[in-house]
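Visitor: Sharing a structure, written as structure tokens. Questions coming.
Chains as they are written, first to last, in UniProt numbering: chain A, 1 to 314; chain B, 1 to 113.
Here it is, written out as structure tokens:
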């Protein structure tokens with residue numbers, strides 16, 4: 001059986017560049033022998049002296065890294081901030097966009113609206129993992145090869161104008177925009193991707209007659225709300241004009257929906273005919289619940305924006 | 001009272017560069033790894049073996065040390081010696097240590113006034 005020293009030297013040499021191995025091995029072996037001799041000369045038994053010396057030298061891979069001047073970190077201080085910034089930049093938009101596209105494709109092209117949300121979430125998560133992996137891999141390789149990127153040095157001109165903390169966070173704005181676009185997608189999608197009934201015929205959930213005016217109008221309101229989100233993000237906080245626009249947009253969306261619910265014009269009459277519980281007064285129940293949700297969401301949204309504007313004005 | 005941990009990190013930071021200086025000074029008389037380690041320890045430079053051995057290789061790669069195998073003794077040993085370049089660098093480092101020392105002294109005296 002080979003001695004502990006042989007095993008230690010072999011383990012260290014495995015992790016240093018081949019062209020230096022022979023000489024380094026001889027020197028390391030000699031140094032270990034010197035250290036052991038010193039201990040046995042003062043009366044220690046050779047076996048425990050060897051153990052003690054090798055323990056003192058520590059993990060052979062770490063020693064090898066010191067010999068070959070190799071980094072023991074995946075991404076060091078030189079690249080860390082750049083890596084982190086790029087990762088955040090890519091992760092904020094790309095997975096969300098891919099998720100929405102995948103969800104819409106599933107709903108509209110493949111004709112499976114029920115599976116759309118699941119598909120969107122899975123696609124977004126897979127994209128996020130892929131982005132994180134490849135970006136990190138590239139930076140880890142740069143770290144190891146010590147490639148200079150030749151990027152310009154930081155200057156004071158890069159300082160953000162804003163000195164107060166943002167009230168509107170990046171991720172909140174993105175989540176809102178994605179939600180609004182998904183809602184528009186759903187409104188359009190329900191027409192083409194229809195509800196499949198028991199007898200195999202497919203029907204839109206909303207009354208197709210609404211396309212002559214009301215549905216396009218609601219989509220315009222939603223698009224205007226996307227514009228509001230962008231304006232809000234750029235201002236960094238809620239202001240009173242933004243609160244006013246928000247209130248108007250909320251009313252512009254909630255009022256037509258409530259009116260359509262109240263006059264029983266929202267759902268596709270053909271669809272109502274197919275389902276017994278809708279036919280037998282179910283539409284009234286549906287109108288009550290949907291109406292309550294629409295009103296509560298609108299009120300909550302307006303109050304929330306007003307509270308935040310008050311806080312920001314302080 | 002500061003924690004031992006904080007104190008230890010600061011002392012470590014302060015000592016880091018001095019091992020190079022001490023090695024370059026000591027190796028004006030050629031020596032091998034472990035003997036140098038003991039000499040440094042005897043003069044109050046407690047260096048870990050796993051720091052010193054790779055450091056010697058690095059200084060050799062940078063041309064500040066030269067080396068030679070001595071096969072006359074019981075086991076072959078690699079002897080390091082401070083090169084002319086090493087001596088130049090050492091002089092600069094020693095000047096800098098003196099400068100730091102006198103700056104600190106000036107600061108202390110200035111503060112007392």
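Positions of the beta carbon are idealized from the N, C-alpha and C atoms, including for glycine. No experiment lies behind these values; they were computed from the predicted model shown.
So which residues of chain B does residue 33 of chain A contact, with C-beta pairs closer than 8 Å?
Guide: Residue 33 of chain A sits at position 33 when you count from the first residue of the first chain. Near residue 33 of chain A (Cβ distances below 8 Å), the residues of chain B are 75.
Visitor: So what's residue 67 of chain B in DSSP terms, helix, strand or just coil?
Guide: In the second chain, residue 67 of chain B corresponds to position 67, counting from 1. Three-state DSSP puts residue 67 of chain B in a strand.
Visitor: So that I know if they touch, is there some Cβ in chain B lying closer than 8 Å to that of residue 27 of chain A?
Guide: Indexing the first chain from 1 puts residue 27 of chain A at position 27. So yes, residue 27 of chain A belongs to the interface.
Visitor: Interface residues of chain B around residue 234 of chain A at Cβ under 8 Å?
Guide: Position 234 of the first chain, counting from 1, holds the residue named residue 234 of chain A. Here the premise fails: no neighbours, minimum Cβ distance about 44 Å.
Visitor: Would you say residue 52 of chain A faces chain B, with C-beta separation under 8 Å as the test?
Guide: In the first chain, residue 52 of chain A corresponds to position 52, counting from 1. Not one chain B Cβ lies under 8 Å of residue 52 of chain A.
Visitor: I'd like to know whether the C-beta of residue 6 of chain A is nearer than 8 Å to at least one C-beta of chain B.
Guide: The sequence position of residue 6 of chain A within the first chain is 6, counting from 1. Closer than 8 Å: no.
Visitor: Would you say residue 58 of chain B reaches chain A, if we count a Cβ-Cβ gap shorter than 8 Å as a contact?
Guide: Against the second chain, residue 58 of chain B aligns to sequence position 58. For residue 58 of chain B, the answer is yes, since a Cβ of chain A falls inside 8 Å of its Cβ.
Visitor: On the DSSP letters alone, give me the boundaries of the beta strand (DSSP E) that residue 79 of chain B sits inside.
Guide: The residue labelled residue 79 of chain B in the question sits at position 79 within the second chain. First-last of the beta strand (DSSP E) with residue 79 of chain B: 77 to 82.
Visitor: Kindly indicate if chain B contains any beta-carbon less than 8 Å away from that of residue 67 of chain A.
Guide: Residue 67 of chain A sits at position 67 when you count from the first residue of the first chain. Yes, residue 67 of chain A counts as interfacial toward chain B.
Visitor: What is the DSSP secondary structure of residue 314 of chain A, counted as helix, strand or coil?
Guide: For the purposes of this step, residue 314 of chain A is taken as residue 314 along the first chain, with counting starting at 1. Note: residue 314 of chain A maps to coil in three-state DSSP.
Visitor: Spell out whether any CB of chain A is found under 8 Å from the CB atom of residue 80 of chain B.
Guide: Locating residue 80 of chain B in the second chain gives position 80, counting from the first residue. No, residue 80 of chain B does not count as interfacial toward chain A.
Visitor: Could you give the distance in angstroms between the alpha-carbon of residue 187 of chain A and the alpha-carbon of residue 280 of chain A?
Guide: What you label residue 187 of chain A is simply residue 187 of the first chain in a count that begins at 1. What you label residue 280 of chain A is simply residue 280 of the first chain in a count that begins at 1. Taking the straight line from one Cα to the other gives about 26 Å.
Visitor: Under 6 Å Cβ to Cβ from residue 13 of chain A, same chain only, skipping five residues before and after it: list those, please.
Guide: Taking the first chain and counting its residues from 1, one reaches residue 13 of chain A at position 13. 21, 25.
Visitor: In chain order, what residues of the same chain lie with their CB nearer than 7 Å to the CB of residue 1 of chain A, ignoring the 5 residues before and after it?
Guide: Mapped onto the first chain, residue 1 of chain A falls at position 1. Unreliable positioning characterises residue 1 of chain A in this predicted model, as indicated by a pLDDT of 48, which lies under 50. The coordinate reading is nonetheless provided below. Closer than 7 Å at Cβ, skipping near neighbours: no residue.
Visitor: Taking 6 Å as the limit between beta carbons, can you name the residues of its chain near residue 93 of chain B, skipping five residues before and five after?
Guide: Here residue 93 of chain B refers to the residue found at position 93 when the second chain is read from its first residue. Excluding sequence neighbours, residue 93 of chain B sits near 21.
Visitor: Report the residues of the segment 56 to 80 of chain A with a CB closer than 7 Å to any CB of chain B, ordered along the chain.
Guide: The segment 56 to 80 of chain A vs chain B, Cβ under 7 Å: 56, 57, 58, 63, 66, 67, 69.
Visitor: Between residue 33 of chain B and chain A, is there a C-beta pair that is closer than 8 Å?
Guide: Taking the first residue of the second chain as 1, we reach residue 33 of chain B at position 33. Cβ-Cβ to chain A under 8 Å: yes for residue 33 of chain B.
Visitor: Within 8 Å of any Cβ in chain A, is that where the Cβ of residue 106 of chain B sits?
Guide: Along the second chain, one-based indexing puts residue 106 of chain B at 106. With 8 Å as the cut-off, residue 106 of chain B does not count as an interface residue toward chain A.
Visitor: Which bits of chain A does residue 30 of chain B rub up against, with CB to CB less than 9 Å?
Guide: In the second chain, the residue the question calls residue 30 of chain B occupies position 30. None at all; the shortest Cβ gap to chain A is about 15 Å.
Visitor: Going by DSSP, what residues sit across from residue 267 of chain A in a beta bridge?
Guide: Translated into the one-based positions of the first chain, residue 267 of chain A becomes position 267. For residue 267 of chain A, which the question treats as bridged, DSSP gives the partners A/206.
Visitor: Which value, in whole angstroms, describes the spacing of the CA atoms of residue 110 of chain A and residue 131 of chain A?
Guide: To locate residue 110 of chain A, count along the first chain from 1; it is residue 110. To locate residue 131 of chain A, count along the first chain from 1; it is residue 131. Their Cα atoms are separated by approximately 26 Å.
Visitor: Could you tell me the distance, in whole angstroms, from the CA atom of residue 309 of chain A to the CA atom of residue 141 of chain A?
Guide: The count along the first chain starts at 1 and reaches residue 309 of chain A at position 309. The count along the first chain starts at 1 and reaches residue 141 of chain A at position 141. Each residue's alpha carbon lies about 47 Å from the other.
Visitor: Taking just the CA atoms, how far does residue 70 of chain A sit from residue 219 of chain A?
Guide: If you number the first chain from 1, residue 219 of chain A lands on position 219. If you number the first chain from 1, residue 70 of chain A lands on position 70. Roughly 58 Å between the two C-alpha positions.
Visitor: Looking only at its own chain, which residues have a Cβ that is under 6 Å from the Cβ of residue 36 of chain A, when we skip the five neighbours before and after it?
Guide: Within the first chain, residue 36 of chain A is the residue found at index 36, counting from 1. Same-chain partners within the cutoff: 49, 50, 53.
Visitor: What's the C-alpha gap between residue 118 of chain A and residue 103 of chain A?
Guide: Working through the first chain from its first residue, we reach residue 118 of chain A at position 118. Working through the first chain from its first residue, we reach residue 103 of chain A at position 103. Near 8 Å, if we compare the C-alpha coordinates of residue 103 of chain A and residue 118 of chain A.
Visitor: Classify residue 111 of chain B as buried or exposed, calling it buried when 16 or more other Cβ atoms lie within 10 Å of its own Cβ.
Guide: Position 111 of the second chain, counted from the start, is the residue given in the question as residue 111 of chain B. When all chains shown are included, residue 111 of chain B counts as exposed.
Visitor: Indicate whether residue 83 of chain B and residue 65 of chain B have their beta-carbon atoms separated by less than 8 Å.
Guide: What you label residue 83 of chain B is simply residue 83 of the second chain in a count that begins at 1. What you label residue 65 of chain B is simply residue 65 of the second chain in a count that begins at 1. Yes, the pair counts as a contact, with Cβ atoms nearer than the cut-off.
Visitor: Within the 8 Å Cβ cut-off, does residue 50 of chain B reach chain A?
Guide: By 1-based counting over the second chain, the position of residue 50 of chain B is 50. With 8 Å as the cut-off, residue 50 of chain B counts as an interface residue toward chain A.
Visitor: Hey, does residue 1 of chain A have any beta-carbon neighbour from chain B nearer than 8 Å?
Guide: Along the first chain, read from residue 1 onward, the residue named residue 1 of chain A stands at position 1. Because the pLDDT of residue 1 of chain A is 48, which lies under 50, any placement of that residue in the model is unreliable, and the number read from its coordinates should be weighed accordingly. Closer than 8 Å: no.
Visitor: Quick one: give me the first and last residue of the alpha helix (DSSP H) that residue 32 of chain A is part of.
Guide: Taking the first chain and counting its residues from 1, one reaches residue 32 of chain A at position 32. 21 to 41 is the extent of the alpha helix (DSSP H) around residue 32 of chain A.
Visitor: Residues in its own chain within less than 6 Å of residue 291 of chain A by CB, not counting five upstream and five downstream?
Guide: Locating residue 291 of chain A in the first chain gives position 291, counting from the first residue. If we look at residue 291 of chain A and ignore the five residues flanking it on each side, its Cβ neighbours are 258, 261.
Visitor: Rounded to whole angstroms, what's the CA-CA distance from residue 11 of chain A to residue 137 of chain A? Just pull it up for me.
Guide: Translated into the one-based positions of the first chain, residue 11 of chain A becomes position 11. Translated into the one-based positions of the first chain, residue 137 of chain A becomes position 137. So the two alpha carbons sit approximately 26 Å from each other.
Visitor: Please look up how many angstroms separate the CB atoms of residue 33 of chain B and residue 52 of chain B, rounded, as I've assumed it's under 8 Å.
Guide: Here residue 33 of chain B corresponds to residue number 33 of the second chain, with the count starting at 1. Here residue 52 of chain B corresponds to residue number 52 of the second chain, with the count starting at 1. Residue 33 of chain B to residue 52 of chain B, Cβ: 7 Å. Contact.
Visitor: Which residue or residues does DSSP assign as beta-bridge partners of residue 69 of chain A?
Guide: On the first chain, residue 69 of chain A is found 69 positions in, with the first residue counted as 1. According to DSSP, which records beta bridges pairwise, residue 69 of chain A is partnered with nothing at all.
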